[in-house]
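Number of protein chains: 2
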Amino acid sequence: MAISTSAQAASAAELAPLRTQIDAIDSQLVELLAARAKVTAEVGRVKQQYALPLYVPERELSLLKARREQAEHIGVSAELVEDVLRRVMRESYQTQETGFVCCREGGGKVVIVGGAGALGQRFASLFTRSGYQVVVLETADWPNATAIVADAALVLIAVPIHATLQVISQLPPLPADCVLADLTSVKAAPLQTMLAQHNGPVLGLHPMFGPDISNIVKQVVVVCHGRNADHYQWLLQQFKVWGAVLSEKTAEQHDELMQLIQAMRHFSSLVYGVHLAEEHADLPQLLELSSPIYRLELAMIGRLFAQNAELYADIMLSSVAVTGLLQRYQHRFNQLSHLLAARDKAGLMAEFAKGQQFFGELAGQFLQESRRLLQKASDERS
Amino acid sequence: MAISTSAQAASAAELAPLRTQIDAIDSQLVELLAARAKVTAEVGRVKQQYALPLYVPERELSLLKARREQAEHIGVSAELVEDVLRRVMRESYQTQETGFVCCREGGGKVVIVGGAGALGQRFASLFTRSGYQVVVLETADWPNATAIVADAALVLIAVPIHATLQVISQLPPLPADCVLADLTSVKAAPLQTMLAQHNGPVLGLHPMFGPDISNIVKQVVVVCHGRNADHYQWLLQQFKVWGAVLSEKTAEQHDELMQLIQAMRHFSSLVYGVHLAEEHADLPQLLELSSPIYRLELAMIGRLFAQNAELYADIMLSSVAVTGLLQRYQHRFNQLSHLLAARDKAGLMAEFAKGQQFFGELAGQFLQESRRLLQKASDERS
Numbered sequence: 197m198a199i200s201t202s203a204q205a206a207s208a209a210e211l212a213p214l215r216t217q218i219d220a221i222d223s224q225l226v227e228l229l230a231a232r233a234k235v236t237a238e239v240g241r242v243k244q245q246y247a248l249p250l251y252v253p254e255r256e257l258s259l260l261k262a263r264r265e266q267a268e269h270i271g272v273s274a275e276l277v278e279d280v281l282r283r284v285m286r287e288s289y290q291t292q293e294t295g296f297v298c299c300r301e302g303g304g305k306v307v308i309v310g311g312a313g314a315l316g317q318r319f320a321s322l323f324t325r326s327g328y329q330v331v332v333l334e335t336a337d338w339p340n341a342t343a344i345v346a347d348a349a350l351v352l353i354a355v356p357i358h359a360t361l362q363v364i365s366q367l368p369p370l371p372a373d374c375v376l377a378d379l380t381s382v383k384a385a386p387l388q389t390m391l392a393q394h395n396g397p398v399l400g401l402h403p404m405f406g407p408d409i410s411n412i413v414k415q416v417v418v419v420c421h422g423r424n425a426d427h428y429q430w431l432l433q434q435f436k437v438w439g440a441v442l443s444e445k446t447a448e449q450h451d452e453l454m455q456l457i458q459a460m461r462h463f464s465s466l467v468y469g470v471h472l473a474e475e476h477a478d479l480p481q482l483l484e485l486s487s488p489i490y491r492l493e494l495a496m497i498g499r500l501f502a503q504n505a506e507l508y509a510d511i512m513l514s515s516v517a518v519t520g521l522l523q524r525y526q527h528r529f530n531q532l533s534h535l536l537a538a539r540d541k542a543g544l545m546a547e548f549a550k551g552q553q554f555f556g557e558l559a560g561q562f563l564q565e566s567r568r569l570l571q572k573a574s575d576e577r578s
Numbered sequence: 197m198a199i200s201t202s203a204q205a206a207s208a209a210e211l212a213p214l215r216t217q218i219d220a221i222d223s224q225l226v227e228l229l230a231a232r233a234k235v236t237a238e239v240g241r242v243k244q245q246y247a248l249p250l251y252v253p254e255r256e257l258s259l260l261k262a263r264r265e266q267a268e269h270i271g272v273s274a275e276l277v278e279d280v281l282r283r284v285m286r287e288s289y290q291t292q293e294t295g296f297v298c299c300r301e302g303g304g305k306v307v308i309v310g311g312a313g314a315l316g317q318r319f320a321s322l323f324t325r326s327g328y329q330v331v332v333l334e335t336a337d338w339p340n341a342t343a344i345v346a347d348a349a350l351v352l353i354a355v356p357i358h359a360t361l362q363v364i365s366q367l368p369p370l371p372a373d374c375v376l377a378d379l380t381s382v383k384a385a386p387l388q389t390m391l392a393q394h395n396g397p398v399l400g401l402h403p404m405f406g407p408d409i410s411n412i413v414k415q416v417v418v419v420c421h422g423r424n425a426d427h428y429q430w431l432l433q434q435f436k437v438w439g440a441v442l443s444e445k446t447a448e449q450h451d452e453l454m455q456l457i458q459a460m461r462h463f464s465s466l467v468y469g470v471h472l473a474e475e476h477a478d479l480p481q482l483l484e485l486s487s488p489i490y491r492l493e494l495a496m497i498g499r500l501f502a503q504n505a506e507l508y509a510d511i512m513l514s515s516v517a518v519t520g521l522l523q524r525y526q527h528r529f530n531q532l533s534h535l536l537a538a539r540d541k542a543g544l545m546a547e548f549a550k551g552q553q554f555f556g557e558l559a560g561q562f563l564q565e566s567r568r569l570l571q572k573a574s575d576e577r578s
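Residue numbers (the working numbering), protein chains in the order written: chain Z, 197 to 578; chain F, 197 to 578.
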């Protein structure tokens with residue numbers, strides 16, 4: 197049904213003053229956000245001065261609760277208000293992240309082995325902005341390694357996974373109270389090697405994020421205790437000041453969980469991407485037909501291929517246990533594929549029921565969660 | 197490093213007035229959002245009156261551009277401002293979605309076959325709120341079908357995929373100018389069957405979203421033309437008024453793309469979920485260690501199992517072509533699995549390179565896109 201010219205003119209005349217009002221409101225909104233940013237920058241300065249963590253869950257929750265109540269009272273969506281405030285708070289974490297309090301008396305020297313890599317650089321920046329003296333130790337600096345580590349408070353291993361064990365066992369002797377720690381995606385073997393190499397404090401860390409995230413507030417860091425935990429409390433405190441959420445696991449627990457969280461996921465995405473490639477799938481057409489949910493699913497596959505092939509290969513090849521897990525995965529893939537080939541609908545639905553039982557109520561929660569997120573993805577589209 | 201009691205008191209004294217300021221600003225923000233909602237509700241009324249689409253990309257873009265410029269001018273993050281405004285605009289689409297203009301002269305009767313199902317209900321509501329008389333035709337109503345369709349302007353098939361062809365071929369004769377359309381996830385066979393069953397206007401539609409989304413603004417609907425397109429323009433216009441993005445494809449193009457977008461994706465998630473279940477993976481522990489990216493990856497699998505098992509089985513079994521595609525998928529899965537078992541790192545990296553080449557620049561875009569989305573996911577966590 198086409199709209200007549202006169203109706204178009206009439207609707208434009210009615211919409212224009214309303215749009216002017218909206219623009220005026222939005223302009224005030226921008227000014228408010230600017231005013232808020234000034235105050236939160238001041239909060240950041242106070243927090244730095246007193247070594248307070250950036251992220252205080254209780255304050256967040258009480259702030260949100262008060263505004264939700266106000267929203268309900270005056271009849272605007274409480275969910276909208278919460279979403280907007282959460283986005284605004286994220287910004288304030290980022291603007292507050294210019295410098296951090298130093299959690300070690302007098303700061304000290306942090307040697308990052310492999311510090312020129314992406315994750316190493318990320319931590320070099322964090323330590324520097326927290327008042328430490330950061331020295332990067334790369335292959336070329338190895339002849340001077342003994343002198344470089346002589347007065348180190350922390351030696352942090354941030355080399356590719358396949359080089360980790362060798363690098364650790366080549367370390368020169370470290371000062372007795374120097375903390376030796378690593379950031380590798382597997383933990384059992386590096387931790388053992390560090391304990392064998394150094395008699396002082398030893399700590400295994402696994403930051404569960406890539407170097408691409410904008411800040412580490414709310415990101416999980418797995419902590420595997422090695423030795424002399426009282427000597428590296430300052431380091432754990434430092435991670436908390438940066439906003440990380442620490443999760444303590446044994447190295448073995450960690451490695452078993454990582455097979456499921458990382459290796460299996462990476463393998464699955466790798467096969468999926470290769471299959472699309474070899475099918476010569478028409479990407480522009482796929483994207484044209486993709487509602488937010490399908491676009492997101494494709495993005496979760498595609499993003500793998502913008503990342504480090506060797507890191508992912510190393511994670512998949514990191515242990516015999518991973519190989520076993522992935523072989524059982526292959527076996528199940530083949531079983532389900534046979535059900536398909538036999539057009540066994542009841543069999544497929546029975547497999548589906550296994551997943552339903554396994555995820556239980558979480559499946560519904562995930563659906564809700566992804567739906568909320570997809571609404572945000574949908575905001576992006578224009 | 198513990199903080200002393202006096203330092204705690206001092207920091208609290210400095211933070212308190214700043215937090216009071218923040219609360220005052222946030223309170224003004226809530227009031228502004230309420231004021232804006234009133235104006236956009238008025239915009240919605242005008243748009244309804246003149247049959248204007250809810251979603252006007254040009255207006256969105258010019259609004260955002262003006263506010264980004266203001267933000268840059270006064271020194272607040274333009275990205276923050278854009279994110280906040282996009283979220284606010286989404287809300288305004290939702291509040292505007294109470295009623296819609298009717299795109300067919302005099303409205304008319306819409307018969308939804310299978311209208312008691314989730315997707316059928318979704319459309320029953322949309323048509324009702326657009327001024328049509330909606331009648332649901334379920335199995336029990338079949339004896340009266342002839343009478344029910346006798347004065348229908350549209351008969352819309354919204355039954356489960358496995359029942360579609362049978363239901364279409366059992367339809368009683370429809371009025372000559374009645375539009376016969378379906379919402380099935382496959383298109384070639386239903387479209388053929390509709391063309392054989394009815395001599396009047398025929399149209400295949402595939403809404404690329406589940407019944408769980410809150411509104412269909414910006415969602416893709418695939419349009420497969422059947423016959424007498426001029427007689428169903430009102431229906432396409434109606435979808436546009438609801439905010440949908442229409443994408444025209446032949447039924448064959450659609451079905452081929454859906455194998456990749458739907459069947460392969462569902463199969464992949466099904467196997468993954470079954471594998472996790474049979475490994476007795478410890479879900480609470482997995483979640484504890486999951487940074488936003490891993491939580492999202494798990495959520496994208498788990499959400500499948502909150503949905504309709506039979507629908508997904510039907511999509512996977514919908515054609516011989518799907519079976520062939522999934523068998524090639526299985527073949528590639530096995531090939532990559534052999535590389536792993538042989539610990540062939542170079543071979544795995546070569547496969548990775550195929551994916552890199554296939555996704556090209558899109559891989560990086562997806563990484564950015566998912567990163568932005570994950571920041572939003574991270575906002576949620578507390």
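The beta carbon of each residue, even a glycine, is placed where N, CA and C say it ideally should be.
Residue burial is scored here from C-beta neighbours: Glu444/Z has fewer than 16 other C-beta atoms within 10 angstroms and is therefore classed as exposed. Secondary structure at Ser288/Z: helix, using DSSP grouped into helix, strand and coil. DSSP lists Asp378/Z, Cys420/Z as the bridge partner or partners of Gly400/Z. With fewer than 16 other CB atoms across the displayed protein chains lying within 10 angstroms of its CB, Lys234/Z is exposed.
Your pair Val297/Z and Val437/Z checks out as a contact, with CB atoms roughly 6 Å apart and the cut at 8 Å.
In the structure shown, Gln366/Z falls within a coil segment according to DSSP collapsed to helix, strand and coil.
Taking CB atoms only, Gln204/F has a neighbour in chain Z less than 9 Å away.
Taking 4 residues as the shortest admissible run, the segment 304-359 of chain F contains the following complete alpha helix (DSSP H) segments, listed from N- to C-terminal end: 314-324, 341-345. Separation of the CB atoms of Val375/F and Leu350/F is rounded to 5 Å, and the pair is thereby assigned contact status at 8 Å.
As far as DSSP is concerned, Val518/F takes part in no beta bridge. Under the three-state reduction of DSSP output, Val441/F falls in the strand class. Following the DSSP letters along the chain, one finds Lys541/F inside the alpha helix (DSSP H) bounded by residues 541-555. Using a 10 angstroms sphere on the CB of Lys414/Z, the tally of other CB atoms reaches 16 or more, which defines it as buried. At a cut-off of 9 Å, the C-beta of Ile218/F has a neighbouring C-beta in chain Z. Taking every protein chain shown into account, the CB of Glu448/Z has fewer than 16 other CB atoms within 10 angstroms, so this residue is exposed. In the three-state scheme derived from DSSP, where H, G and I count as helix and E and B as strand, Asn530/F is classed as helix. At a beta-carbon threshold of 9 Å, none of the residues of chain F lie near Glu268/Z; the nearest stands roughly 10 Å away. Of all residues in the segment 491-522 of chain F, the ones placed with a Cβ closer than 9 Å to any Cβ belonging to chain Z are Arg491, Leu492, Glu493, Leu494, Ala495, Met496, Ile497, Gly498, Arg499, Leu500, Phe501, Ala502, Gln503, Ala505, Glu506, Tyr508, Ala509, Asp510, Met512, Leu513, Val518, Thr519, Leu521, Leu522, in chain order.
Taking the C-beta atoms as reference points, Leu214/Z is found nearer than 9 Å to Val239/F. In the structure shown, Tyr468/Z adopts helical secondary structure according to DSSP, grouped into three states. Interface annotation, Arg528/Z: in contact with chain F, CB-CB separation under 9 Å.
Within a 10 Å sphere around the beta-carbon of Lys261/F sit fewer than 16 other beta-carbons, which makes this residue exposed. Of all alpha-carbon atoms in Phe501/Z, Gln366/Z, Gly543/Z, Asn395/Z, the one lying nearest the alpha-carbon of Gly560/F is that of Phe501/Z. Between the alpha carbons of Ala320/Z and Gly311/Z lies a gap of roughly 7 Å. One Cα belongs to Gly396/Z, the other to Glu484/Z, and the distance between them is close to 58 Å. Burial check for Ala267/Z: the Cβ neighbour count within 10 Å reaches 16 or more, so the residue is buried.
In this structure, the CA atom of Val470/F is about 12 Å from the CA atom of Gln526/Z.
Between the alpha carbons of Gln393/Z and Leu367/Z lies a distance of about 8 Å. When CB distances to chain F are screened at a threshold of 8 Å, the residues of the segment 232-259 of chain Z falling below it are Arg232, Ala233, Val235, Thr236, Glu238, Val239, Val242, Lys243, Gln245, Tyr246, Ala247, Leu248, Pro253, Arg255, Glu256, Leu257, Leu259, in chain order. Around the beta-carbon of Asp373/Z, fewer than 16 other beta-carbon atoms lie within 10 Å, marking it exposed. For the segment 448-460 of chain Z, the set of residues with a beta-carbon nearer than 7 Å to any beta-carbon of chain F comprises Leu453, Leu456, Ile457, in chain order. Among the residues facing chain F, Ser326/Z is not included, as its CB has no counterpart in that chain under 9 Å away.
Distance check between Lys305/F and each of Arg499/F, Asp347/F, His269/F, Leu315/F places Asp347/F closest, using alpha-carbon atoms only.
Nearest C-alpha to Pro488/Z among Arg567/Z, Arg318/Z, Thr291/Z, Tyr289/Z: Arg567/Z. Residue contact check for Gly400/F against chain Z: no CB pair falls below 9 Å. For Ile409/F against Ala354/F, the beta-carbon gap comes to about 16 Å, at or over 8 Å, which does not count as contact.
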